[in-house]
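Following numbering that gives the first Met the number 0, the residues of the sequence shown are numbered contiguously, the last one being 213. Input: a single structure, listed below in structure tokens.
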Amino acid sequence: MRKLETKTIVVASHNAGKIAEIADLIGPFGFSAKSAKELGFVEPEETGTTFEQNAAIKALASAKASGLPALSDDSGLVIDALDGAPGVYTANWAEREDGSRDFQMAMAKVDQALRDKGATEPAARSAQFVSVLCLAWPDGHTEFFRGHVEGTIIWPPRGTAGFGYDPIFQPKGYATSFGEMSAEEKHGWKPGDPEALSHRARAFKIFVETCLDA
0 MRKLETKTIV VASHNAGKIA EIADLIGPFG FSAKSAKELG FVEPEETGTT FEQNAAIKAL
60 ASAKASGLPA LSDDSGLVID ALDGAPGVYT ANWAEREDGS RDFQMAMAKV DQALRDKGAT
120 EPAARSAQFV SVLCLAWPDG HTEFFRGHVE GTIIWPPRGT AGFGYDPIFQ PKGYATSFGE
180 MSAEEKHGWK PGDPEALSHR ARAFKIFVET CLDA
């Protein structure tokens with residue numbers, strides 16, 4: 000495993016929600032970070048069929064464009080009754096014909112797909128949120144960190160916090176959805192705490208333990 004020896008990195012994302020969450024997570028470690036969106040980098044086409052492949056595409060593009068280490072996230076909703084869909088295509092389910100993304104539409108699409116399968120009870124709506132972080136260097140070296148959280152798909156959506164599918168995902172052991180949680184509640188982890196709740200926070204915790212002297 001290669002240690003990260005600089006406090007200056009690029010957050011390899013054009014997604015405002017992800018950028019904000021990663022900024023919240025790396026902030027306590029004193030990083031100076033700008034996103035690929037802020038730097039005006041072209042958003043690479045995500046042609047991978049796994050979270051790891053797509054995370055690497057994004058991180059390597061930003062690392063090579065900036066000459067700095069870059070941290071990316073590829074994440075998605077994996078629903079058991081839908082044979083793992085939408086999975087790596089989670090964002091695609093929200094795409095409209097004009098190229099914009101509508102997650103209200105995407106959440107309704109998930110609920111309808113489950114109803115079409117006869118999955119109307121909570122026990123039949125089990126799911127995972129998966130996050131894979133990739134840390135890439137300009138020389139092409141990559142490190143991967145995977146986190147996941149189990150839960151249930153609920154309907155109707157609850158809460159307006161977070162982003163994406165958060166209002167329909169209720170993590171196991173909780174009575175509230177991610178959409179009803181503050182950022183602190185959703186992540187459930189900060190330096191010094193033993194536990195992490197969200198998939199992204201769990202992946203980030205492994206990144207800290209592996210690549211940082213923290």
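Positions of the beta carbon are idealized from the N, C-alpha and C atoms, including for glycine. Quantities reported herein were computed from a predicted structural model and do not represent experimental measurements.
Cα-Cα separation between residue i and residue j, rounded to whole angstroms
i, j, result
"V148", "L67", "30 Å"
"A213", "T141", "Only weak support exists for where A213 lies, its pLDDT of 49 falling under 50; the coordinates are left without a value."
"G29", "Q111", "44 Å"
"F50", "S125", "20 Å"
"R145", "G178", "22 Å"
"G39", "N53", "19 Å"
"A90", "R100", "8 Å"
Which residues DSSP lists as bridging residue i, in chain order
i, result
"R100", "E94"
"E142", "L134"
"G75", "V129"
"K33", "V9"
Residue i in three-state terms, based on DSSP
i, result
"E179", "helix"
"S12", "coil"
"I25", "helix"
"V41", "coil"
"E149", "strand"
"G86", "helix"
"P170", "strand"
"Y164", "coil"
Cβ pair residue i, residue j closer than 8 Å
i, j, result
"Y164", "F203", "no"
"G16", "F162", "yes"
"W236", "A105", "Residue 236 falls outside the range modelled here, since the chain spans only 0 to 213, and no answer is possible."
Residue i: CB within 7 Å of a non-hydrogen atom of the ligand COA
i, result
"S99", "Questions concerning the ligand COA fall outside what the structure shown contains, since it holds no ligand whatsoever."
Three or more C-beta pairs under 8 Å: does that hold for the segment 44 to 62 against the segment 119 to 137? A contact is defined here as three or more CB-CB pairs under 8 Å, and the segment 44 to 62 meets this definition with respect to the segment 119 to 137.
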